[in-house]
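In what follows, a single structure is set out as structure tokens and then discussed.
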Amino acid sequence: MNRLLDRLTQNGKFHPMWIVLAVTGVLIVASIVFIPARYEGSKEPKQKIAVADHAAAETLPEPDAGQHESKPEPAVIQTTHFTPPAERDMPTGEMGDMIKLGRNIFVHTQVYAKNLVGNGLNCVNCHLDAGRKADSAPLWGAYVMFPAYRSKNHKVNSFEDRLAGCFRFSLNGTPPAYNSKEMLALTSYSYWLATGAPTGKELAGRGYPKLDKPPRQPDAQRGAAVFEKNCAICHGADGLGTKVNAQYAFPPLWGKDSFNAGAGMHSVKNAAAFIKANMPLGKGNSLSVQEAWDVAQFVDSHDRPPDPRVKK
Ligand code: HEC
Ligand code: HEC
Numbered sequence: 001m002n003r004l005l006d007r008l009t010q011n012g013k014f015h016p017m018w019i020v021l022a023v024t025g026v027l028i029v030a031s032i033v034f035i036p037a038r039y040e041g042s043k044e045p046k047q048k049i050a051v052a053d054h055a056a057a058e059t060l061p062e063p064d065a066g067q068h069e070s071k072p073e074p075a076v077i078q079t080t081h082f083t084p085p086a087e088r089d090m091p092t093g094e095m096g097d098m099i100k101l102g103r104n105i106f107v108h109t110q111v112y113a114k115n116l117v118g119n120g121l122n123c124v125n126c127h128l129d130a131g132r133k134a135d136s137a138p139l140w141g142a143y144v145m146f147p148a149y150r151s152k153n154h155k156v157n158s159f160e161d162r163l164a165g166c167f168r169f170s171l172n173g174t175p176p177a178y179n180s181k182e183m184l185a186l187t188s189y190s191y192w193l194a195t196g197a198p199t200g201k202e203l204a205g206r207g208y209p210k211l212d213k214p215p216r217q218p219d220a221q222r223g224a225a226v227f228e229k230n231c232a233i234c235h236g237a238d239g240l241g242t243k244v245n246a247q248y249a250f251p252p253l254w255g256k257d258s259f260n261a262g263a264g265m266h267s268v269k270n271a272a273a274f275i276k277a278n279m280p281l282g283k284g285n286s287l288s289v290q291e292a293w294d295v296a297q298f299v300d301s302h303d304r305p306p307d308p309r310v311k312k
């Protein structure tokens, strides 16, 4: 090092080594400034998740979950941004096969877990982009938050418990056994999607974005008009979906092939939050807050399979 400094100063002329030193210095400063920013995310306030106090099966944990952490400094950044690994980076080998099976079950539930499903839906119908899309309850956002206590059933739930809930209510079906291949595959896929995410930290985009209360009481009649204008083209004028080759290309919003009355989507609050952020498909956040609540009220006012917990 001494010799290097000597050489740089000795002849009083510009030496190319200065460029190397300058570039190294800039890189060090840049890494100090940018790396924490990248990992800790923006300084926006933490997004809270809409939680219905409804007898719904798929509500997220307490709305204030995560707010009781001790906060040493007021400047602590609470929202962590996360991007799941790309599809093409899925591992190969036995583990890769298990992850891929999980993805197939999630996207083509009607094919890969037919015997466990009691309606016409696939997991992906509500967890968009193969469970990747932020703000549609992505799997990576969920995986790192379990086990968790849920006031819903007054116990600490495993991730398997959470998956089981969506089978029972959203798919109106039968949960796979906890030691089954299906359960292992879905867990493996979720685990892989969450690669590199911190555990126990709510990631930005988990669940649905908090939706403001509607200016006016939600109204199914106004919702019917919103539906006709914005939804019927895909979900059908009768809301019963549209089939192509015996499978739904556009899933039913009610009727015997839709989610049952115990499902999270049967809470108007959850449905409104999902719809606001994600529907019409490809045009999320184009409805007003009022329209989202009204159309959710309309959707949830229709007949569907009963809540399996309610005795006839
Ligand atoms: C009819 C729509 C629907 C379908 C179909 C559906 N889910 Fe869900 N799921 C929901 C709703 C609603 C929630 C609660 C989201 C919220 O409260 O923010 C949820 C929550 C979850 C969560 C927890 C999310 C979190 O962040 O805590 C997991 C995991 C999950 N679902 C997995 C599945 C799996 C696996 C399937 C297929 C077997 C499935 N879901 C099918 C609607 C659905
Ligand atoms: C461009 C077509 C299109 C439009 C328009 C559209 N949807 Fe959807 N919707 C879909 C598709 C496709 C899915 C399933 C997504 C998937 O599997 O990736 C879906 C899923 C849903 C789901 C969850 C699954 C289910 O069957 O319950 C709800 C609820 C929903 N849409 C409500 C609405 C509402 C309300 C509107 C109008 C505001 C609307 N959609 C407009 C295509 C559309």
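All the letters of the sequence shown, read from the start, carry residue numbers 1 to 312 under full-length UniProt numbering.
All residues carry an ideal CB built from backbone N, CA and C; glycine is no exception.
In this text the structure is predicted, and so the values were computed from the model without any measurement.
**Report entry** Residue range of the unbroken beta strand (DSSP E) whose run includes glutamine 247
**Finding:** Per DSSP, glutamine 247 belongs to the beta strand (DSSP E) from 247-250.
**Report entry** histidine 154 classed as buried or exposed, judged by whether at least 16 other C-beta atoms fall within 10 angstroms
**Finding:** Exposed, because fewer than 16 other Cβ atoms sit within 10 Å of the Cβ of histidine 154.
Query raised in the report: Can we say the segment 199-213 touches the segment 181-188, given the rule of at least three CB pairs closer than 8 angstroms?
Result: The segment 199-213 is not in contact with the segment 181-188.
Query - Option in Glu94, Asn122, Asp135 with minimal Cα separation from threonine 83 - result: Nearest of Glu94, Asn122, Asp135 to threonine 83, Cα basis: Asp135.
Query raised in the report: Which residue comes first and which comes last in the beta strand (DSSP E) that contains arginine 150?
Result: In the DSSP assignment, arginine 150 falls within the unbroken beta strand (DSSP E) covering 148-150.
**Report entry** Distance CB(tyrosine 208)-CB(phenylalanine 274) smaller than 8 angstroms
**Finding:** Yes, the pair counts as a contact, with Cβ atoms nearer than the cut-off.
**Report entry** Pairwise C-alpha distance: valine 144 and arginine 309
**Finding:** Distance between the alpha carbons of arginine 309 and valine 144: 28 angstroms.
Query raised in the report: Is any heavy atom in ligand 1 found nearer than 7 angstroms to the beta carbon of threonine 199?
Result: In this structure, the C-beta of threonine 199 stays at least 7 angstroms away from each heavy atom of ligand 1.
Report task. Please state if the CB of glycine 223 and the CB of asparagine 295 are separated by a distance shorter than 8 angstroms. Result -> According to the sequence displayed, residue 295 carries valine and not asparagine. Valine 295 places its beta carbon less than 8 angstroms from that of glycine 223.
Requested in this report: Enumerate in chain order the residues of its own chain whose CB-to-CB distance from leucine 139 is below 6 angstroms, with the five nearest sequence positions on each side excluded.
Outcome: Here leucine 139 has Gly131, Ser190, Leu193 as same chain residues with Cβ atoms under 6 angstroms from its own Cβ, once five neighbours each way along the sequence are excluded.
Query raised in the report: Does the Cβ of cysteine 231 lie closer than 7 angstroms to at least one heavy atom of ligand 1?
Result: Taken from the Cβ of cysteine 231, every heavy atom of ligand 1 lies 7 angstroms or farther away.
Requested in this report: Write down the C-beta distance between valine 268 and proline 218 rounded to the nearest angstrom, noting that I regard them as a contact closer than 8 angstroms.
Outcome: 6 angstroms between Cβ atoms; contact.
Query - alanine 142 CB to nearest heavy atom of ligand 1 below 7 angstroms - result: Ligand 1 has a heavy atom closer than 7 angstroms to the beta-carbon of alanine 142.
Query raised in the report: Going by C-alpha distance, which of Ala261, Leu211, Asp89, Met98 is nearest valine 299?
Result: Comparing C-alpha distances from valine 299 to each of Ala261, Leu211, Asp89, Met98 shows the shortest one belongs to Ala261.
Requested in this report: Less than 8 angstroms between the CB atoms is what I'm expecting for tryptophan 254 and glycine 236, so what's the real figure, rounded?
Outcome: Tryptophan 254 to glycine 236, Cβ: 11 angstroms. No contact.
Query raised in the report: Relative to ligand 1, is the shortest distance from any of its heavy atoms to the C-beta of phenylalanine 274 smaller than 7 angstroms?
Result: Yes, Cβ of phenylalanine 274 sits closer than 7 angstroms to a heavy atom of ligand 1.
Report task. Output the distance between the C-alpha atoms of phenylalanine 259 and threonine 79, rounded to the nearest integer angstrom. Result -> Using only the alpha carbons, I get a separation of about 31 angstroms.
Report task. Could you round the C-beta distance between proline 176 and arginine 168 to whole angstroms and report it? I think they count as a contact, below 8 angstroms. Result -> That belief does not hold up - the Cβ atoms of proline 176 and arginine 168 are roughly 11 angstroms apart, past 8 angstroms.
Report task. Measure the beta-carbon distance from proline 215 to glutamine 297 and round it to whole angstroms, keeping in mind my assumption that it falls under 8 angstroms. Result -> Contact doesn't hold; Cβ gap of about 14 angstroms is too wide.
Query raised in the report: Is it the case that the CB of glycine 282 approaches a heavy atom of ligand 3 more closely than 7 angstroms?
Result: Among the ligands modelled here, namely ligand 1 and ligand 2, ligand 3 does not occur.
**Report entry** DSSP-derived helix/strand/coil call for proline 306
**Finding:** Of the three classes helix, strand and coil, the one that applies to proline 306 here is coil, per DSSP.
Query - Alpha-carbon spacing of glutamate 73 relative to alanine 137, whole angstroms - result: Low confidence applies to glutamate 73: its pLDDT is 46, below 50, so where it sits in the model is not reliable, and the reading given next is rough at best. A straight-line Cα-Cα distance of about 30 angstroms links glutamate 73 and alanine 137.
Requested in this report: With hydrogens ignored, establish whether the beta-carbon of asparagine 172 is closer than 7 angstroms to any heavy atom of ligand 2.
Outcome: Flag unset: Cβ of asparagine 172 not near ligand 2.
Requested in this report: State yes or no: is the C-beta of leucine 211 within less than 8 angstroms of the C-beta of lysine 276?
Outcome: Yes; because the gap between Cβ atoms is below 8 angstroms, this pair is in contact.
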